[in-house]
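*Asks:* I'd like to ask you about the structure that follows.
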Amino acid sequence: MERGEGGNEQPRSGVEGAVRGAAVVFGVTSRVGRELALRFAERGHPVWVGARDQAEAERIAKDIAVRTRVVAISGGFDARAVETHAALVSSIEAAVGPIERMVIAFGDMGDDGRRDPQMLRRIVEVNYLGAASLAELVADQMAARGRGIIAALGSVAGDRGRQSNYAYGSAKGALALYLQGLRNRVFSKGVHVMTAKLGFIDTRMTWGLATKIPIASPEAASHAVLEAMEARRDDLYWPPFWRGVMGVIKAIPEAGFKRLSL
Ligand SMILES: NC(=O)c1ccc[n+]([C@@H]2O[C@H](COP(=O)([O-])OP(=O)(O)OC[C@H]3O[C@@H](n4cnc5c(N)ncnc54)[C@H](OP(=O)(O)O)[C@@H]3O)[C@@H](O)[C@H]2O)c1
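Heads up: the sequence shown begins at 1311 in the numbering used here, then just goes up one per residue.
Below, the structure is given as structure tokens:
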């Protein structure tokens, strides 16, 4: 774990007069994750940013520290290595302090059309198991202190199984259900859990996608997620029109839905 330095000046750990707890972004090589980490730092949260590619996470931490003069620390992690997660969370808190905000930004859509056992395992382990594991561990830390906000980047694909992406969609749907239960468990302990259901965002995941549906920017998505977290919303659809779209899609009776090519 390394420290990103903010030039010659001592990095600060909070805005004038305010002491903020740490904000942690798992999956910071996602453009949405990276924007969110920057947003947290701009608000004065010391940040810890993690990715599989530790060198890239370190570059991002340095960039954040230079831009904001906030403490930014980086580390490596693998969402699938759940047996390492407890030690990881302890080491993050040792490095950057008690976690007050956490975002799960990682995700894996898998390879188009491949639903063999190895691909299914990867999709489920990244999008569901890894995310649930980290959310559970951090929620426990927050609950012990009586405060904190957790958000995970889910997907509108998790709202209804469709032939085009039901492997990924089912893992995101399972995550949304898991977070619903976690939200219910930790609400009385002062911890808030939010599911952000994203539509198309302009990132690596949608590179080359040909669609007439508007694709949102990672910057706008990061602002929306942060605002919704601070407002303690239970869920967020972004862009917002997806709430209506998915409302209609969910309302179609299965007898007719199974005949559609979606
Ligand atoms: N873009 C969209 O339209 C869209 C729509 C709905 C939901 N989402 C969700 O939004 C989130 C951000 O995705 P994105 O659009 O920014 O796509 P992205 O650029 O592909 O980001 C995915 C992130 O997940 C990380 N990741 C994958 N497997 C991992 C693993 N085993 N351990 C740790 N990290 C892992 C990637 O790290 P590496 O750099 O190491 O690969 C990367 O940081 C994801 O949860 C995605 O499912 C995106």
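All C-beta atoms, glycine included, are put in the ideal place defined by N, C-alpha and C.
Excluding the 5 residues preceding and the 5 following ASP1418 in the sequence, name in chain order all residues of the same chain whose CB lies nearer than 7 Å to its CB.
*Replies:* In the sequence shown, residue 1418 corresponds to position 108, counting from 1. Closer than 7 Å at Cβ, skipping near neighbours: ARG1432, ILE1433, VAL1436, ASN1437.
*Asks:* Is the separation between the beta-carbon of ALA1449 and that of VAL1406 shorter than 9 Å?
*Replies:* In the sequence shown, the residue the question calls residue 1449 occupies position 139. In the sequence shown, the residue the question calls residue 1406 occupies position 96. No, the Cβ-Cβ distance between ALA1449 and VAL1406 is not below 9 Å.
*Asks:* Helix, strand or coil, according to DSSP, for SER1532 in the structure here?
*Replies:* Locating residue 1532 in the sequence shown gives position 222, counting from the first residue. Note: SER1532 maps to helix in three-state DSSP.
*Asks:* Does the beta-carbon of THR1505, which I'm using as the reference point, lie nearer than 8 Å to any heavy atom of ligand 1?
*Replies:* Counting from 1 along the sequence shown, the entry for residue 1505 is found at position 195. No, the beta carbon of THR1505 sits no closer than 8 Å to any heavy atom of ligand 1.
*Asks:* Between ILE1431 and ligand 1, is the CB less than 8 Å from at least one heavy atom?
*Replies:* By 1-based counting over the sequence shown, the position of residue 1431 is 121. Residue identity check: residue 1431 is Arg in the sequence provided, not Ile. No, the beta carbon of ARG1431 sits no closer than 8 Å to any heavy atom of ligand 1.
*Asks:* Measure the C-alpha to C-alpha separation of ILE1559 and GLY1386 and round it to an integer number of angstroms.
*Replies:* By one-based count along the sequence shown, residue 1559 stands at place 249. By one-based count along the sequence shown, residue 1386 stands at place 76. The straight-line gap from Cα to Cα measures roughly 38 Å.
*Asks:* Leaving out five residues on either side along the sequence, give the residues of the same chain with a beta carbon under 6 Å from the beta carbon of ASP1512.
*Replies:* Counted from its first residue, the sequence shown places residue 1512 at position 202. Result list for ASP1512: ILE1525, SER1527, in chain order.
*Asks:* Let's see if you can read the secondary structure: which residues bound the beta strand (DSSP E) around MET1504?
*Replies:* Counting from one through the sequence shown, the residue named residue 1504 turns up at place 194. Per DSSP, MET1504 belongs to the beta strand (DSSP E) from 1501–1508.
*Asks:* In chain order, which beta strand (DSSP E) runs of at least 3 residues are fully inside the segment 1378–1426?
*Replies:* 1382–1386, 1409–1414
*Asks:* Would you say PHE1510 touches ligand 1, meaning its beta carbon is less than 8 Å from a heavy atom?
*Replies:* Mapped onto the sequence shown, residue 1510 falls at position 200. Because some heavy atom of ligand 1 lies under 8 Å away, the Cβ of PHE1510 counts as near it: yes.
*Asks:* So with Cβ pairs under 9 Å, would you call ALA1520 a contact of chain B?
*Replies:* Structure shown: chain B not included; a single protein chain is present.
*Asks:* Please classify GLY1316: does DSSP put it in a helix, a strand, or coil?
*Replies:* Walking along the sequence shown from the start, residue 1316 turns up at place 6. With a pLDDT of 36 at GLY1316, under the threshold of 50, the predicted position of this residue should be treated as unreliable, and no value is reported.
*Asks:* Around the Cβ of PRO1549, are there at least 16 other Cβ atoms within 10 angstroms (buried) or fewer (exposed)?
*Replies:* Residue mapping note: residue 1549 aligns to position 239 of the sequence shown, counting from 1. Taking all protein chains in view, the Cβ of PRO1549 is crowded by 16 or more other Cβ atoms within 10 Å, so the residue is classified as buried.
*Asks:* So, helix, strand or coil for GLY1327, using DSSP?
*Replies:* Here residue 1327 is taken as the residue at index 17 of the sequence shown, counted from 1. With a pLDDT of only 43 at GLY1327, under 50, the local geometry of the prediction cannot be trusted, and the value read off the model is given with reservation. The three-state secondary structure of GLY1327, taken from DSSP, is coil.
*Asks:* In the DSSP assignment, find the unbroken beta strand (DSSP E) run with LEU1463 in it and report its ends.
*Replies:* For the purposes of this step, residue 1463 is identified with residue 153 of the sequence shown, where counting begins at 1. Looking at the DSSP string, the run of the beta strand (DSSP E) that includes LEU1463 is 1458–1465.
*Asks:* According to the neighbour-count rule (16 or more other Cβ atoms, all chains shown, within 10 Å of its Cβ), is VAL1329 buried or exposed?
*Replies:* Reading the sequence shown from its first residue, position 19 is the one you call residue 1329. Exposed, because fewer than 16 other Cβ atoms sit within 10 Å of the Cβ of VAL1329.
*Asks:* If you measure from the CB of MET1419, is any heavy atom of ligand 1 nearer than 8 Å?
*Replies:* Sequence index remark: in the sequence shown, residue 1419 carries index 109 (1-based). MET1419 Cβ: within cutoff of ligand 1.
*Asks:* Tell me whether ILE1525, by its Cβ, gets closer than 8 Å to a heavy atom of ligand 1.
*Replies:* Numbered from its first residue, the sequence shown carries residue 1525 at position 215. Yes, ligand 1 has a heavy atom inside 8 Å of this Cβ.
*Asks:* If the criterion is Cβ atoms closer than 9 Å, does the pair ALA1404 and ALA1382 meet it?
*Replies:* Translated into positions along the sequence shown, residue 1404 becomes position 94. Translated into positions along the sequence shown, residue 1382 becomes position 72. For ALA1404 and ALA1382, no; Cβs fall outside 9 Å.
*Asks:* How is LEU1546 classed by DSSP in three states: helix, strand or coil?
*Replies:* Start at 1 with the first residue of the sequence shown, and residue 1546 comes out as number 236. Strand.
*Asks:* TRP1552 lies in the alpha helix (DSSP H); which residues open and close that run?
*Replies:* Working through the sequence shown from its first residue, we reach residue 1552 at position 242. Where TRP1552 is concerned, the enclosing alpha helix (DSSP H) stretches over 1551–1561.
*Asks:* Would you give the residue range spanned by the beta strand (DSSP E) that GLY1566 belongs to?
*Replies:* For the purposes of this step, residue 1566 is taken as the residue at position 256 of the sequence shown. Taken as a continuous stretch (DSSP letters only), GLY1566 belongs to no beta strand (DSSP E), being part of the alpha helix (DSSP H) at 1564–1567.
*Asks:* Which term fits ALA1581, buried or exposed, when burial requires 16 or more other beta carbons within 10 angstroms of its beta carbon?
*Replies:* The structure shown does not extend to residue 1581, since the chain is modelled only from 1311 to 1572, so the question has no answer here.
*Asks:* Helix, strand or coil: which one does DSSP assign to ALA1541?
*Replies:* For this step, residue 1541 is matched to residue 231 along the sequence shown. DSSP places ALA1541 in coil when its eight states are reduced to three.
*Asks:* Is the separation between the beta-carbon of LEU1546 and that of ALA1481 shorter than 9 Å?
*Replies:* Here residue 1546 is taken as the residue at index 236 of the sequence shown, counted from 1. Here residue 1481 is taken as the residue at index 171 of the sequence shown, counted from 1. No, these two residues do not count as a Cβ contact at 9 Å.
*Asks:* For ALA1477, name the three-state secondary structure that DSSP assigns.
*Replies:* One-based indexing of the sequence shown puts residue 1477 at position 167. Helix.
*Asks:* Short of 8 Å in beta carbon distance, which residues of its chain neighbour ALA1445, apart from the five on each side in sequence? Order them along the chain.
*Replies:* Counting from one through the sequence shown, the residue named residue 1445 turns up at place 135. Counting only Cβ-Cβ distances below 8 Å, and skipping sequence neighbours, we find MET1412, ILE1414, ILE1460, ALA1462, TYR1488, LEU1489, LEU1492, VAL1503.
*Asks:* Taking buried to mean at least 16 other C-beta atoms within 10 Å of its own C-beta, is GLU1564 buried or exposed?
*Replies:* What you label residue 1564 is simply residue 254 of the sequence shown in a count that begins at 1. Result: exposed.
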